[in-house]
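Going line by line, the protein sequences match chains A and B. Residue numbers for the first sequence follow my numbering, so the first one is 1 and each next one is one higher. Residue numbers for the second sequence follow my numbering, so the first one is 154 and each next one is one higher.
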Amino acid sequence: MILEVLSAGLVITACLAIFLDEAVYSVVALAGTFLFAALLYAESGAIIVGVFQFAVGAGTLAILFLSGEMLSERTLKKTTTKNLVMVVIAGALLSLLPIFLSIFTPEVSTSGVSFGEALWNLRAGDVVLQGLVIMTVAMGVAIILHEKRNGGK
Amino acid sequence: MDFVILSLVLLAIGVYGLLTKRHLLKVFVSVELIATAATLNFVMLAASTGVGVGEAFLVLAFSTDTAVSAVILALLIVVNKKYGVSDIGELGKVKESTEEESEVEA
């Protein structure tokens, strides 16, 4: 029952993130999507991934809130209560699909390696390379946002 | 409860937003939703089969996803600061007018 409620919340907040007119409200709805996704992962047994999703989502949302005001324009058009209710109903209807339909049933493996073993024994090289990727991206973002002094020349 | 269908629903919402919304931030939100759909599919499959390798891959994929988000957001900020636009349609017009100006200068 908890999984169904969390998946319904996930779909409804995703719909709100797309259909709300004001960008800041859209970011708030996206925060809900990330929160429901993290709870869904934790409830399904992938607790570490849930915590990771929560941390990554918090960072992304902090930046989105900061840049959201800059990127959004003040518009007179605002979402009416009627439209809001319609979006929530549409999201609730869409969330019924995964509850009542089924196309895939996974087989539970008993001989699988644990998360820690997989990360450090099998994919340790990837973890190091991932650090390099993040460093490269940080440099790339710094270059993109770099402003030349002396009047932009 | 079928998580493949749940991720398909999320993917459909994200693609709809990507195709219909013109605001740059909404496009970014749509990309995030598509990434969440892919992640959800992967995590739930790994969690339901009890294989830890899937979760390990996911932790690595999260950082790549965040890196992509950071680059997209940096580009949006630069576009907004340089041209003052927050709409993809307007961005196309800016490109056309910039090309015309460079042709006149030449």
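Backbone N, C-alpha and C fix where the C-beta goes; we use that ideal spot for every residue, glycine too. In this text the structure is predicted, and so the values were computed from the model without any measurement.
About 7 Å separates the beta carbons of LEU163/B and VAL11/A, which is inside the 8 Å limit, making them a contact pair. Spanning the alpha carbons of ILE2/A and ALA118/A requires a straight line of approximately 29 Å. Here the alpha carbon of GLY237/B sits roughly 41 Å from the alpha carbon of ALA42/A.
For GLY207/B, the uninterrupted alpha helix (DSSP H) run begins and ends at 205-236, by DSSP. Counting only residues of its own chain and dropping the five nearest sequence neighbours on each side, VAL247/B has a CB closer than 7 Å to the CB of TYR236, VAL238. Contact check for ALA37/A against GLN53/A passes: the beta carbons are separated by less than 8 Å. Residue state for ASP240/B is assigned as strand, using DSSP reduced to three classes. In the pairwise beta carbon analysis, the stretch 203-210 of chain B is classified as not touching the stretch 175-191 of chain B: fewer than three pairs are separated by under 8 Å. With respect to the 8 Å criterion, GLU4/A and MET197/B are not classified as neighbours on the basis of their beta carbons. A straight-line Cα-Cα distance of about 13 Å links THR192/B and ILE158/B. Classified as exposed, VAL128/A has fewer than 16 neighbouring CB atoms from the shown chains inside 10 Å of its CB.
One alpha carbon belongs to ALA46/A, the other to GLY116/A, and they sit about 12 Å apart.
The C-alpha of LEU61/A lies about 21 Å from the C-alpha of VAL168/B. Between ALA23/A and chain B, the shortest Cβ-Cβ separation is below 8 Å. SER7/A counts as buried, since at least 16 other C-beta atoms from the protein chains shown sit within 10 angstroms of its C-beta. Within the same chain, and ignoring the five residues on either side of VAL24/A in sequence, the residues whose Cβ sits closer than 6 Å to its Cβ are GLY68.
Linking ALA92/A to SER26/A through their CA atoms gives a straight-line distance of about 18 Å. Nearest neighbour of ALA58/A by Cα position, chosen from ALA214/B, VAL212/B, THR219/B, turns out to be THR219/B.
With a minimum length of 4 residues, the unbroken runs of alpha helix (DSSP H) contained wholly in the stretch 80-151 of chain A fall at 81-100, 124-145.
No residue range can be given for LEU20/A, since it is assigned to no alpha helix (DSSP H) and is classified by DSSP as neither H nor E. Our two residues, ALA29/A and VAL231/B, have alpha carbons roughly 25 Å apart in a direct line. Contact annotation: LEU64/A and GLY50/A have beta-carbon atoms that are not nearer than 8 Å.
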